[in-house]
Amino acid sequence: MNFSQQIRLWLAVLLATTFSLTLSAQNINVSGVVSDDTGEPLTGATVLIKGTKHGVATGIDGDFTISAPSNGTLVVSFIGCKTEEVAINGRTNITITLQNNTEMLDEVVAIGYGTVKKKDLTGAVSSVAGSELVKVPVATAAQALQGKAAGLNIVSQNGAPGASMNITVRGGASLTQGTEPLYIVDGFAMDNALANIDVNDIETIDVLKDASATAIYGARGSNGIIVITTKSGQKGKTKVDYNAFFSWDRLAKKLDINDNALDYAWYQYEFAELTGKQFQFSNVFDGGYGTSESDYYSNAYNRLAGRYADDYAIDWQDLTFGGSAFTQNHNVSVSTGSDKTQVLLSYNHNDQDGLLANHDYKRNSLRAKFNAELWKGVKLDFGMFFYHNNTHGGGSYSGMKSVLLQPINGGTIFTEDELVNTQTQMTYRGYDNTYSVSNPLVQNGAVVSEKRSRKLDINAGITVDFLNDFRWRTAVDYVTGWDKSKSFQDENSLNYLLYKDTEGMTGSISNSEKFAWHVQNTLTWTKTLNKVHDLTVMVGQEYSYSESESNSISLRKFPEPNHKLDDISKAEVSSKSTGHSNGNMLSFFGRVNYSFDNRYLLTATLRGDGSSKFAKGHKWGVFPSVSGAWRVSQEKFWTESSVANWFNNLKLRVGYGVTGNCDISSNMYTSTLAQTTYPMNNEEFSMAFTTTETLGNPKLKWETLHATNIGLDLGLVNNRINLSVEWYNNQISDMLMKCTIPSTTGYTSQ
23 MNFSQQIRLW LAVLLATTFS LTLSAQNINV SGVVSDDTGE PLTGATVLIK
73 GTKHGVATGI DGDFTISAPS NGTLVVSFIG CKTEEVAING RTNITITLQN
123 NTEMLDEVVA IGYGTVKKKD LTGAVSSVAG SELVKVPVAT AAQALQGKAA
173 GLNIVSQNGA PGASMNITVR GGASLTQGTE PLYIVDGFAM DNALANIDVN
223 DIETIDVLKD ASATAIYGAR GSNGIIVITT KSGQKGKTKV DYNAFFSWDR
273 LAKKLDINDN ALDYAWYQYE FAELTGKQFQ FSNVFDGGYG TSESDYYSNA
323 YNRLAGRYAD DYAIDWQDLT FGGSAFTQNH NVSVSTGSDK TQVLLSYNHN
373 DQDGLLANHD YKRNSLRAKF NAELWKGVKL DFGMFFYHNN THGGGSYSGM
423 KSVLLQPING GTIFTEDELV NTQTQMTYRG YDNTYSVSNP LVQNGAVVSE
473 KRSRKLDINA GITVDFLNDF RWRTAVDYVT GWDKSKSFQD ENSLNYLLYK
523 DTEGMTGSIS NSEKFAWHVQ NTLTWTKTLN KVHDLTVMVG QEYSYSESES
573 NSISLRKFPE PNHKLDDISK AEVSSKSTGH SNGNMLSFFG RVNYSFDNRY
623 LLTATLRGDG SSKFAKGHKW GVFPSVSGAW RVSQEKFWTE SSVANWFNNL
673 KLRVGYGVTG NCDISSNMYT STLAQTTYPM NNEEFSMAFT TTETLGNPKL
723 KWETLHATNI GLDLGLVNNR INLSVEWYNN QISDMLMKCT IPSTTGYTSQ
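Using the numbering used here, you'd call the opening residue of the sequence shown number 23 and step up by one each time.
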């Protein structure tokens, strides 16, 4: 059989197969009506043939007609309803009923020491699912969360790998104390959680924004609360998940600056004329040509053109940030469990290079979570989290400013190679400080810095359900962490060139260690009375203790740079310090949630915090809040009107609360003793004196935030589209000031 015969045979087989498939799946015209579970026709519902992209939309009466295989399946969907698959089975007329999808309204939101259904919220809370966060290939959860929660502002402090993020909820809520929100991970506070918890391990993030929602955390609630719930093991067969992403980063856009050597030289000439620095200009750009020469001014442009018309011009942005940076992230998790016990193990590795040499960030973390039902009504949970971060940063220079101020041409005193590869600042300073800018490339190689952080967090809890309506929970948490930072500046650094005789090559080493433990107890009573009164009462107590110590040493006059900080025996100690602090807090709190007929909602909280950071007589602060909501969409006049077919959720809410801020150092209310030395008659005398910190006096007391919030939640077709509009007004008051933060309106949609 030749080639042409083979082709004809294959075509015949293909035609026969196609014909047989057509006979077995003969199309018929299928008509029908799509309605919801109340019998109301659904306009605009989508009717698709399963396995294809062929489909139609229902008309104004919910009717449709489609040509489909007699043994095919229709996939019918509509916003706010559960998708249905309907087998045709040769039928030409089909009536399809879609069930309402109330899952979003029944979603559970973490509100601190408990949860509540989304429809029953009375405070301002934004929720983001972990499945939404992992869609973005980024290194940290903070980056993934950007732009996904209204009122949450996340800005990177710089573009270096591992750079910290500036995170605020509704802007800064303090003028004298910290503004970072409180992070609660699986019920316990964790510093910088969005940077250290791997995004693949997050189940949900709930952002508590107004005082009625955050007052349950009292002294720590004024800057907002970010509640992170991590994933748990699932019952069933052992499941192994692997998630990875790789990326290459480049500078997105360079600033448009002068890239012509002649234009640059002419500009320097004109600038010198305006500032009266002709002599300095001549030495740097004109070969020392005398300003007294008869043609110094009249021939200046021609003279410069002859020298710079074809001379080099350096693109410092490209030299400094023109490379590419490789990032890789790997996450492996193992989940297994039975009806009684579930276990999850997760490992994450993140490696991020910087656009600038000598800058990189590495993070390794391990997380374990264990849940078990010991007996009926008795549950045990255990969690462990460990991470190790390593950040390398090169020279400390003034960022893009230093790059943009670099001379693009070395004039008559530097060649292109000298300008790029040497620290030219000292030579320039000899002529004029106008040209005194450190070389970012040389500085970056001359300064070596490193920071290592390790942290171990272990927590456990036991929950007991008893007497049908009561739940008792006791949980403990222990955290310990270590940080070490090192920095060294060799003979090419700007510091060495400026202070060669007094400082020389310098270095520093600092270490810190911290541990903390936390115990919390809560008792919750939940009761439904006469089917219309839903009541939840929670009372609790917690105690926390933390202690830290640190030491640091600064060194100078290293004789050789070869061993850097690995050998400090021949260096001089320029300064040294140690530190030690501890503190504790005792708290009592309670919350009442009440709902009448699923229409009228009320939440009230009260918390008292006592902190060792404050002086006797000022240690305790009391923080109340109250909020209410009216679910208009549950009223009879709403449900029986046609508007309910479009808007199924309308809720008006208002809240007021008082929260506090104790984000200050310990013992600031005490006086401190300082010592100084001064020379007299070739001798040094020491003098000790008492001083007081900026905030320090025996009357130092809590900073409080009084906040009012009014909100409206509007859901279109079972909350698949949700709009929340809010107005809030904050007033800060403490012993130093009283001020009002401008009223603000915010909105969010889902």
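For each residue, glycine too, the CB sits at the ideal point set by N, CA and C.
Relative to the C-alpha of residue i, which residue among the options is closest?
i, options, result
"Ala161", "Gly84, Tyr311, Asp382 and Thr236", "Asp382"
"Asp779", "Cys103, Asn411, Gly605 and Phe537", "Limits of the chain in this structure are 23 at one end and 772 at the other, which puts residue 779 out of reach."
"Asn8", "Pro159, Arg242, Val207 and Asp556", "Residue 8 cannot be examined here, being either before or after the span of the chain that is shown, 23 to 772."
"Phe408", "Lys401, Leu426 and Ser368", "Ser368"
"Asp499", "Gly483, Leu388 and Asp735", "Gly483"
"Gly309", "Ser57, Ile732 and Arg325", "Arg325"
"Thr260", "Leu296, Ser663 and Val365", "Val365"
"Arg476", "Leu388, Leu143 and Asp487", "Leu388"
"Gly184", "Asn386, Tyr567, Gly246 and Val306", "Asn386"
"Thr496", "Gln447, Tyr565, Gln465 and Phe436", "Tyr565"
"His585", "Thr548, Thr528, Tyr616 and Val559", "Thr528"
"Ile334", "Asn431, Ala294, Gly344 and Thr342", "According to the sequence displayed, residue 334 carries Tyr and not Ile. Closest by alpha carbon: Asn431."
"Tyr286", "Asn481, Asp317 and Val306", "Val306"
"Ala626", "Val595, Ala651, Asn620 and Phe636", "Ala651"
"Gly399", "Ile238, Asn514, Lys508 and Asp487", "Asp487"
"Thr74", "Asn188, Gly61 and Val98", "Val98"
"Lys391", "Phe669, Glu225, Thr342 and Lys384", "Glu225"
"Glu62", "Phe100, Lys72 and Ser509", "Phe100"
"Phe370", "Ala294, Phe267 and Gly255", "In the sequence on display, residue 370 carries Asn and not Phe. Cα-wise, what sits closest to Asn370 is Phe267."
"Ile531", "Val595, Asp403, Glu657 and Gln656", "Val595"
"Asn282", "Arg329, Ala109, Asn321 and Glu315", "Arg329"
"Cys103", "Leu478, Ile118 and Phe293", "Ile118"
Opposite residue i in the DSSP bridges: which residues?
i, result
"Tyr450", "In the DSSP output, where bridge partners are listed per residue, Tyr450 has none listed."
"Leu402", "Ala394 and Ile484"
"Ala626", "Val614 and Val648"
Report buried or exposed for residue i, applying the criterion of at least 16 other Cβ atoms within 10 angstroms of its Cβ.
i, result
"Tyr289", "exposed"
"Ala331", "exposed"
"Pro429", "buried"
"Val191", "buried"
"Glu706", "Caution applies to Glu706, whose pLDDT of 49 falls short of 50 and renders its modelled position unreliable; the model cannot decide the point."
"Lys231", "buried"
"Thr114", "exposed"
"Gly246", "buried"
"Pro581", "exposed"
"Val262", "exposed"
"Ser511", "Reading off the sequence shown, one finds Gln at residue 511, where the question assumed Ser. Flag for Gln511 reads buried."
"Gly639", "exposed"
"Trp338", "buried"
"Lys170", "buried"
The ligand SAH and residue i: does any heavy atom of the ligand fall closer than 7 Å to the residue's C-beta?
i, result
"Leu402", "Among the components of this structure there are no ligands whatsoever, and the ligand SAH is therefore not found."
Counting along the chain, where does the beta strand (DSSP E) carrying residue i start and finish?
i, result
"Gln445", "Where Gln445 is concerned, there is no enclosing beta strand (DSSP E), given that its DSSP letter is neither H nor E."
"Trp652", "Trp642 to Arg653"
"Thr137", "Thr137 to Lys139"
"Arg495", "Phe492 to Gln511"
"Asp285", "Per DSSP, Asp285 belongs to no beta strand (DSSP E); it is in the alpha helix (DSSP H), Ala283 to Thr297."
"Val554", "Careful: Val554 lies outside any beta strand (DSSP E) and carries neither H nor E."
"Ala90", "Asp85 to Pro91"
"Val262", "Gly258 to Asp271"
"Gln364", "Thr363 to Asp375"
"Phe636", "Counting along the chain, Phe636 falls outside any beta strand (DSSP E), and DSSP gives it neither H nor E."
"Ala215", "Premise fails: Ala215 lies in the alpha helix (DSSP H), Ala215 to Asn218, not in any beta strand (DSSP E)."
"Asn49", "Asn49 to Asp58"
"Asn115", "Asn115 to Leu120"
In terms of residues, what are the limits of the alpha helix (DSSP H) holding residue i?
i, result
"Lys658", "Lys658 to Thr661"
"Asp337", "From DSSP, Asp337 is part of no alpha helix (DSSP H); its letter is neither H nor E."
"Phe618", "Counting along the chain, Phe618 falls outside any alpha helix (DSSP H), though it belongs to the beta strand (DSSP E) covering Glu594 to Phe618."
"Glu154", "Gly152 to Leu155"
"Ser234", "Ala233 to Thr236"
"Phe100", "Counting along the chain, Phe100 falls outside any alpha helix (DSSP H), and DSSP gives it neither H nor E."
"Gln465", "Pro462 to Ala468"
"Arg675", "Run containing Arg675: none in the alpha helix (DSSP H); it sits in the beta strand (DSSP E), Phe669 to Asn683."
"Ser304", "Gln300 to Phe307"
"Leu516", "Leu516 to Leu520"
So, under 8 Å CB-CB, residue i and residue j are touching, yes? Tell me the CB distance rounded to an integer number of Å.
i, j, result
"Lys139", "Val130", "6 Å"
"Asn93", "Val156", "At roughly 38 Å, the Cβ-Cβ gap does not stay under 8 Å, so Asn93 and Val156 are not in contact."
"Ser647", "Ala237", "3 Å"
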